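Here's the structure we're looking at; comments come further down.
In our numbering, the protein residues as written are 55 to 225.
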């Protein structure tokens with residue numbers, strides 16, 4: 055276990071308070087990056103006090119492996135129009151940043167009033183793309199992690215904590 059559930063919930067609550075302060079007087083559109091981000095985005099939304107709308111986008115770059123393939127496919131696009139809206143992307147983990155770098159460019163073209171990124175977990179030492187993370191719950195070491203929405207080949211998402219996956223063991 056890397057991060058217990060209690061620590062996760064405490065940090066997400068703190069992030070919600072900070073976002074509420076930063077967006078005071080504004081409506082916020084949270085764009086949840088599926089599938090892993092849904093646990094984080096839903097918990098975060100509960101702790102934001104400004105009006106919140108949510109939309110969901112599914113992108114893929116991992117398929118069933120542990121390394122990003124460098125290609126990004128949009129599997130499900132947004133239903134909401136972003137033009138003139140304050141948009142916050144909620145992502146489970148920022149690793150290389152390649153997927154989010156491409157996703158941010160796709161969304162910037164849609165002319166939001168603002169576009170920021172929040173993440174539950176950040177691995178800055180793995181960053182290969184130039185991307186700014188505006189809100190981070192935890193910086194973590196370069197380990198393959200699962201739980202609280204994060205998966206390995208669609209397994210382990212439902213763990214209520216963040217754990218390090220030992221890829222040498224029989225999964």
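We treat Cβ as the ideally placed atom computed from N, Cα and C, and that holds for glycine. All figures in this text were calculated on a predicted structure; none of them were measured in a lab.
Would you check whether the ligand HEM has a heavy atom nearer than 6 Å to the C-beta of residue i?
| i | result |
| --- | --- |
| residue 199 | Although the ligand HEM was asked about, the structure shown includes no ligands whatsoever. |
How about residue i: is its C-beta nearer than 7 Å to some C-beta of chain D?
| i | result |
| --- | --- |
| residue 101 | The structure shown has no chain D; it contains just one protein chain. |
Secondary structure at residue i, three-state DSSP: helix, strand or coil?
| i | result |
| --- | --- |
| residue 161 | helix |
| residue 76 | helix |
| residue 218 | strand |
| residue 196 | coil |
| residue 201 | strand |
| residue 209 | strand |
| residue 69 | helix |
| residue 177 | coil |
| residue 95 | helix |
| residue 63 | helix |
On the DSSP letters alone, give me the boundaries of the beta strand (DSSP E) that residue i sits inside.
| i | result |
| --- | --- |
| residue 167 | Taken as a continuous stretch (DSSP letters only), residue 167 belongs to no beta strand (DSSP E), as it is neither H nor E. |
| residue 109 | 106-114 |
| residue 81 | Taken as a continuous stretch (DSSP letters only), residue 81 belongs to no beta strand (DSSP E), as it is neither H nor E. |
| residue 145 | 140-148 |
Can you grab the Cα-Cα spacing for the pair residue i / residue j, in whole Å?
| i | j | result |
| --- | --- | --- |
| residue 120 | residue 88 | The pLDDT assigned to residue 120 is 49, lower than 50, so where the model puts this residue is not dependable; a value taken from the coordinates is nonetheless given after this. Going by the C-alpha atoms only, they are around 17 Å apart. |
| residue 70 | residue 129 | 28 Å |
| residue 163 | residue 140 | 14 Å |
Pop quiz: residue i and residue j are said to be a contact at Cβ under 8 Å. What is the actual Cβ separation, rounded to whole angstroms?
| i | j | result |
| --- | --- | --- |
| residue 109 | residue 133 | 6 Å |
| residue 202 | residue 215 | 7 Å |
| residue 126 | residue 156 | 5 Å |
Pair every Cβ in the stretch 135-152 with every Cβ in the stretch 169-184, then say whether three or more of these pairs are closer than 8 Å. yes
Can at least three beta-carbon pairs, one atom from the stretch 57-69 and one from the stretch 180-196, be found at a separation below 8 Å? yes
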